[in-house]
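First the structure, in the form of structure tokens, and then the observations on it.
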Amino acid sequence: MKQIILGTAGHIDHGKTSLIKALTGIDTDRLKEEKQRGITIELGFAHFELPGGQVIGIVDVPGHEKFVKNMVAGATGIDLVALVIAADEGVMPQTKEHLEICQLLDIRHGLVILTKIDMVDADWMELVREDVREYLSGTFLADAPVVEVSSVTGRGLPELTRTLETLAAEVPEKDIGHIFRIPVDRVFTMKGFGTVITGTSISGRIQTGDEITIYPQGLNAKIRGLQVHNREVDRVRAGLRTAVNLQGVEKAVIRRGDVLATKEALRVTYMVDVRLDLLDSAPRKLKNRARVRFHSGTSEIMARVVLLDREELMPGESCFAQVRLDEPTAVLKDDRFVIRSYSPVRTIGGGAVLNALPGRKKKRYSDAVMSQMNVLHTGGLSELIELFVSLGRFEGIEQGELPFLTNTGRKKLDEALRSLMARKRVA
Numbered sequence: 003m004k005q006i007i008l009g010t011a012g013h014i015d016h017g018k019t020s021l022i023k024a025l026t027g028i029d030t031d032r033l034k035e036e037k038q039r040g041i042t043i044e045l046g047f048a049h050f051e052l053p054g055g056q057v058i059g060i061v062d063v064p065g066h067e068k069f070v071k072n073m074v075a076g077a078t079g080i081d082l083v084a085l086v087i088a089a090d091e092g093v094m095p096q097t098k099e100h101l102e103i104c105q106l107l108d109i110r111h112g113l114v115i116l117t118k119i120d121m122v123d124a125d126w127m128e129l130v131r132e133d134v135r136e137y138l139s140g141t142f143l144a145d146a147p148v149v150e151v152s153s154v155t156g157r158g159l160p161e162l163t164r165t166l167e168t169l170a171a172e173v174p175e176k177d178i179g180h181i182f183r184i185p186v187d188r189v190f191t192m193k194g195f196g197t198v199i200t201g202t203s204i205s206g207r208i209q210t211g212d213e214i215t216i217y218p219q220g221l222n223a224k225i226r227g228l229q230v231h232n233r234e235v236d237r238v239r240a241g242l243r244t245a246v247n248l249q250g251v252e253k254a255v256i257r258r259g260d261v262l263a264t265k266e267a268l269r270v271t272y273m274v275d276v277r278l279d280l281l282d283s284a285p286r287k288l289k290n291r292a293r294v295r296f297h298s299g300t301s302e303i304m305a306r307v308v309l310l311d312r313e314e315l316m317p318g319e320s321c322f323a324q325v326r327l328d329e330p331t332a333v334l335k336d337d338r339f340v341i342r343s344y345s346p347v348r349t350i351g352g353g354a355v356l357n358a359l360p361g362r363k364k365k366r367y368s369d370a371v372m373s374q375m376n377v378l379h380t381g382g383l384s385e386l387i388e389l390f391v392s393l394g395r396f397e398g399i400e401q402g403e404l405p406f407l408t409n410t411g412r413k414k415l416d417e418a419l420r421s422l423m424a425r426k427r428v429a
């Protein structure tokens with residue numbers, strides 16, 4: 003059965019956590035401070051079985067502006083977003099920022115949930131509906147279903163369940179024929195079991211007994227056990243909230259932002275070539291070599307953005323750039339990322355990784371570099387293979403590097419290579 007992850011988004015105190023509890027019976031606020039303050043600080047997790055038997059994993063994210071970086075981490079790997087808007091307040095600052103983040107991460111499916119409908123009258127409700135539809139115009143949620151719910155009375159919950167079942171059927175299957183990856187969002191020790199990490203599996207598959215590598219450290223470990231929705235399983239595929247019990251590695255050497263992946267399948271780098279989009283709402287232009295916070299997967303790394311064909315990027319514009327990181331990372335081509343300003347901290351843009359292992363600093367204002375970037379951005383698989391072979395110059399490249407460089411499974415790569423060799427494009 004298809005695996006689905008639903009993530010919440012929305013402003014603080016708009017009822018995201020209460021909604022999940024009403025829907026699933028699970029309170030995702032697990033920290034003492036969250037209970038005392040009445041707000042979500044860390045990521046919360048739940049699951050819900052639809053009438054047809056489909057189980058949806060749920061990631062509850064914090065709505066407070068101080069914890070947006072946790073929201074970005076939680077949004078990694080989600081298939082559906084539930085944009086939660088309180089009927090008594092309407093669209094608020096973090097409603098907007100969370101929606102922008104979802105768009106930057108290329109999330110394409112979702113719904114809008116108007117909560118706290120028991121607190122407003124019919125006239126106010128109509129104004130909120132109009133305001134929300136106007137705001138969502140031009141976004142990926144412009145035509146999304148809108149469900150009105152009260153977590154207190156239970157009104158609207160049956161309709162929400164039916165809507166989720168319909169949307170789940172529309173979500174495409176994830177790729178399981180490629181590198182397995184879990185960006186780590188939690189790591190802890192369980193008595194009698196040892197080190198456990200949790201995260202959303204975003205590609206590939208693994209099973210108990212497999213050897214994996216933890217990046218960027220390059221540490222190898224063995225999978226001692228797997229859990230999905232609090233149940234032990236023998237194997238895991240892309241699209242599941244997963245707990246992995248690791249053998250041969252200590253908790254102290256793993257942290258949020260690390261990536262658990264197929265053994266020795268990734269490469270570590272301090273720079274990535276990207277296509278960068280600056281949001282229309284960015285408060286100012288982005289200058290060459292600007293200091294930013296680079297969010298990819300569940301990681302946050304300080305970095306500088308080198309613009310390759312200009313001195314500054316204006317709000318609403320896009321360009322090719324090289325992101326030079328203060329710490330190592332392990333990503334793949336086409337991975338989405340978000341950038342936030344250094345200070346004051348706010349979301350200003352994002353985009354897609356084009357080359358996960360540039361190897362050298364890019365020359366600015368170079369026609370050759372821009373030609374390469376265009377192929378990386380829009381080229382098909384055969385063009386990408388030819389480009390990476392040419393970048394290897396006289397040495398070429400190892401065939402085993404292509405799955406990593408192109409972020410493509412072996413079957414498709416073999417077909418493309420056979421075609422290129424038949425045409426004598428590569429040897």
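Residues 3 to 429, numbered by our numbering, are exactly what the sequence shown covers, in order.
All C-beta atoms, glycine included, are put in the ideal place defined by N, C-alpha and C.
On a predicted model such as this, the values are computed, not experimentally measured, just so you know.
Item: Verify whether the separation of the beta carbon atoms of L143 and I80 is less than 8 Å.; Value: no
Item: Beta-carbon within less than 7 Å of L383's beta-carbon, same chain only, minus the 5 sequence neighbours each way: which residues are those?; Value: T408, T410, K414 and A418
Item: Output the distance between the C-alpha atoms of V149 and V83, rounded to the nearest integer angstrom.; Value: 13 Å
Item: For the structure I just gave you, are there three or more beta carbon pairs, one from the stretch 190-205 and one from the stretch 16-25, closer than 8 Å?; Value: no
Item: Short of 8 Å in beta carbon distance, which residues of its chain neighbour T244, apart from the five on each side in sequence? Order them along the chain.; Value: I184, T200, G201, T202, S203, L228, Q229, V230 and V238
Item: What residue from A263, D133 and Q105 has the CA that sits closest to A240's CA?; Value: A263
Item: Let me check one thing: in DSSP terms, what residues is C104 bridge-paired to?; Value: None, per the DSSP bridge assignment.
Item: Go ahead and label D133 buried or exposed: buried means 16 or more other beta carbons lie within 10 angstroms of its beta carbon, across all protein chains shown.; Value: exposed
Item: Please list the terminal residues of the continuous alpha helix (DSSP H) segment that includes F406.; Value: L404 to T408
Item: Mind checking which residues open and close the beta strand (DSSP E) that includes N357?; Value: T349 to N357
Item: Assuming contact is defined by CB atoms lying nearer than 8 Å, are G206 and R277 in contact in what I supplied?; Value: no
Item: Indicate the three-state DSSP secondary structure (helix, strand or coil) for R135 in the structure shown.; Value: helix
Item: Just the C-alpha distance for E385 and L356, rounded to the nearest angstrom, thanks.; Value: 13 Å
Item: Pull up the DSSP beta-bridge partners for M316, would you.; Value: M316 is not bridged to any residue.
Item: For Q56, which residues from the same chain have a beta carbon less than 6 Å from its beta carbon, with the 5 sequence-adjacent residues on both sides left out?; Value: A170
Item: Pairs of beta-carbons, one from the stretch 150-170 and one from the stretch 109-125, closer than 8 Å: are there three or more?; Value: yes
Item: Roughly how many angstroms separate the alpha carbons of L221 and L389, rounded to a whole number?; Value: 31 Å
Item: Once DSSP output is grouped into helix, strand and coil, what is the label at N247?; Value: strand
Item: Does DSSP put I58 in a helix, in a strand, or in coil?; Value: strand
Item: From V154, D311 and N72, pick the residue whose C-alpha is nearest to that of G17; which is it?; Value: V154
Item: Nearest to T261 by alpha carbon, out of S139, D369, V333 and H379?; Value: The question names Thr, but residue 261 in the sequence shown is Val. Per the Cα distances, V333.
Item: At the level of alpha carbons, what is the spacing between G250 and R226?; Value: 9 Å
Item: With which residues is M273 paired in a DSSP beta bridge?; Value: R326
Item: Does the Cβ of P160 have 16 or more other Cβ atoms within 10 Å, making it buried, or fewer, making it exposed?; Value: exposed
Item: In whole angstroms, what separates the C-alpha of R348 from that of A429?; Value: 48 Å
Item: Excluding the 5 residues preceding and the 5 following K34 in the sequence, name in chain order all residues of the same chain whose CB lies nearer than 6 Å to its CB.; Value: Any reading at K34 must be qualified, since the residue scores a pLDDT of 45, below 50, and its modelled position is unreliable; no value is offered.
Item: Can you list, in chain order, the residues of its chain whose CB lies under 8 Å from that of R257, leaving out five sequence neighbours each side?; Value: V186 and V189
Item: Can you grab the Cα-Cα spacing for the pair Y367 / D311, in whole Å?; Value: 5 Å
Item: Could you give the C-beta distance for L288 and F406, rounded to a whole number, given that I count them as a contact under 8 Å?; Value: With 8 Å as the limit, L288 and F406 do not qualify as a contact, their Cβ atoms being about 29 Å apart.
Item: Can you tell me whether T264 is helix, strand or coil according to DSSP?; Value: strand
Item: For L404, which option in L113, H100 and H180 has the closest C-alpha, if you only look at C-alpha atoms?; Value: H180
Item: Quick check on DSSP: helix, strand or coil for Q38?; Value: Interpretation of Q38 is limited by its pLDDT of 45, a score under 50 that renders its predicted location unreliable; the figure taken from the coordinates is listed afterwards. Three-state DSSP puts Q38 in a helix.
Item: Tell me the rounded alpha-carbon separation between T97 and G318.; Value: 19 Å
Item: Can you name, in chain order, every residue of its own chain whose Cβ lies under 8 Å from the Cβ of M372, other than the five neighbours on each side?; Value: L310, D311 and F322
Item: Could you name the residues of the same chain whose beta carbon sits closer than 6 Å to that of L106, not counting the 5 residues immediately before and after it, in chain order?; Value: V340 and G352
Item: Determine which residues share a DSSP beta bridge with A11 and list them.; Value: L85
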